[in-house]
Amino acid sequence: MSKRFPAARTALALTLLVALASCETVQTTEPGAVGVERKQSFLLSAAEVDKSAALAYQQMMKKAAGKNALNQDAAQVARVRMISQRLIPATASFRPDAPKWAWEVNVITSPEVNAWCMPGGRMAVYTGLIEKLKVTDDELAAVMGHEIAHALREHGRERASQAYAQALGLSVVGAALGLGQGSMQLAQIVTDVTFNLPNSREHEIEADRVGVELAARAGYDPRAAVTLWQKMGQVGGEAPPQFLSTHPSPQNRQSDLTSYAAKVMPLYEAARKR
1 MSKRFPAART
11 ALALTLLVAL
21 ASCETVQTTE
31 PGAVGVERKQ
41 SFLLSAAEVD
51 KSAALAYQQM
61 MKKAAGKNAL
71 NQDAAQVARV
81 RMISQRLIPA
91 TASFRPDAPK
101 WAWEVNVITS
111 PEVNAWCMPG
121 GRMAVYTGLI
131 EKLKVTDDEL
141 AAVMGHEIAH
151 ALREHGRERA
161 SQAYAQALGL
171 SVVGAALGLG
181 QGSMQLAQIV
191 TDVTFNLPNS
201 REHEIEADRV
211 GVELAARAGY
221 DPRAAVTLWQ
231 KMGQVGGEAP
241 PQFLSTHPSP
251 QNRQSDLTSY
261 AAKVMPLYEA
271 ARKR
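When we follow the numbering used here, the leftmost residue of the sequence shown carries the number 1, and every step to the right adds one.
Okay, structure coming up:
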């Protein structure tokens, strides 16, 4: 058995070397007024991630429709899409190509306090967020701007690339050590929790900062991001909204949002005059 460990380590090293050699390191967005300039490394191409996201989105919308939970309230759908129509043009400040993405925006009836935007601009807002938090348009724009920021920064592709690299290593080691499928799945979960969660916090900070600028450029008060956070914290209880699961600490986040909202206030004031 001991002879198998060196072989596994050698195979893992070779696999990771090949993976690293194929990495693409880029700055996915312009820094904007908020100055988000971190470069990112990708193993997976934007095209293949976008294709997978499109398929996943179609499946999720089909599932929601099957439960009679897709776009049930015409007024809510109109409200969400109206806000998105103001936010999407603002994405050009970070990525000139983004306004031309195949954007899709839908509302899912669910008590969950949540919203998300997949790679390529495929979005969903849950009615639980709208109704439980009684969000203003400015607050809803803060949520949607934050989620759009994840797509602009290609956080989904970045995390998928990291998971792919880890899966390469795990598959090599698993085959060498004779691990079963159940063990492999558990190992992947442990890897995600151990290594991906801190990086997700970094993603959330970036999305907060880019999100307040998107809202401001679209004519929504960026300070609403702070009141939104306060509302989410109040409804959290023992089962906090999914939004809060990987976010920075409340004190740090409120301070950061307050600071960056103030930084983009001139953009908001200019947008209000147009």
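Backbone N, C-alpha and C define an ideal beta-carbon position, used for all residues, glycine too. Treat the numbers as computed from the prediction; the structure is a model and nothing was measured.
Relative to the alpha-carbon of residue i, which residue among the options has its alpha-carbon at the smallest distance?
i: GLY156; options: ALA54, MET82, VAL36; result: ALA54
i: PRO280; options: ALA69, ALA207, GLY121; result: In the structure displayed, the chain extends from 1 to 274; residue 280 sits before or after that span and is not available.
i: MET60; options: CYS117, LYS134, GLU147; result: CYS117
i: GLY35; options: MET265, SER52, TYR260; result: TYR260
i: GLY211; options: LEU129, PRO119, GLU202, LEU257; result: LEU257
i: MET94; options: GLU131, ILE130, GLY145; result: In the sequence under discussion, the amino acid at residue 94 is Phe, which differs from the Met named in the question. Looking at the Cα atoms, GLY145 is the closest of the given residues.
i: ALA262; options: ALA224, VAL235, ALA56; result: ALA224
i: ALA216; options: GLU24, LYS67, VAL143; result: VAL143
i: GLU112; options: ALA65, VAL235, LYS62; result: VAL235
i: ALA47; options: ALA102, ASP73, MET82; result: ALA102
i: THR28; options: ILE83, ASP97, TYR57; result: ASP97
i: ASP50; options: ARG86, ALA65, LYS231, LEU152; result: LEU152
i: GLU213; options: PRO266, TYR57, THR227, SER200; result: PRO266
i: LEU284; options: ARG274, ALA270, SER255, GLY233; result: With the chain covering only 1 through 274, there is no way to say anything about residue 284.
i: SER200; options: GLN162, PRO99, SER255, ALA56; result: GLN162
i: GLU24; options: PHE42, VAL135, GLU37; result: PHE42
i: GLU131; options: PRO99, ASP73, ALA65, SER84; result: ASP73
i: ASN114; options: VAL135, ALA270, ILE205; result: VAL135
i: THR275; options: GLN85, VAL26, LYS100, ALA64; result: Residue 275 falls outside the range modelled here, since the chain spans only 1 to 274, and no answer is possible.
i: GLU37; options: GLU202, ALA270, ARG274; result: GLU202
Can you check DSSP and say which residues form a bridge with residue i?
i: LEU70; result: ILE108
i: SER41; result: THR25
Looking at the unbroken beta strand (DSSP E) that takes in residue i, where does it start and where does it end?
i: THR25; result: 24-26
i: VAL125; result: 122-126
i: TRP116; result: 115-118
Excluding the five sequence neighbours on either side, which residues of its own chain have a C-beta within less than 7 Å of the C-beta of residue i, listed in chain order?
i: ASP221; result: ASP138, TYR268
Is it the case that the Cβ atoms of residue i and residue j are separated by a distance below 8 Å?
i: ALA160; j: LEU44; result: yes
i: ALA69; j: THR109; result: yes
i: TRP229; j: ARG253; result: yes
i: ALA33; j: VAL264; result: yes
i: ALA207; j: ALA141; result: no
i: PRO119; j: GLU147; result: no
i: LEU87; j: LYS231; result: no
For residue i, I'd like the list of residues in its chain whose CB is within less than 6 Å of its CB, leaving aside the five on either flank, ordered along the chain.
i: GLU158; result: GLN40
i: PHE5; result: Confidence at PHE5 is low in this model, with a pLDDT of 47, below 50, so its placement is unreliable and the value that follows should be read with caution. Once the five neighbours on either side are set aside, PHE5 has no close Cβ partner at all.
i: VAL107; result: ASN71, GLN76, VAL77, VAL80, VAL125
i: GLU104; result: ARG122
i: GLU30; result: PHE94
The alpha helix (DSSP H) that contains residue i, what's its start and end?
i: ALA141; result: 137-152
i: ALA216; result: 197-217
i: ALA270; result: 265-273
Take residue i and list the residues in its own chain whose beta-carbon comes closer than 8 Å to its own, dropping the five residues that flank it on each side.
i: ARG272; result: GLY219
i: VAL226; result: GLN254, LEU257, THR258, ALA261
i: ARG274; result: GLY219
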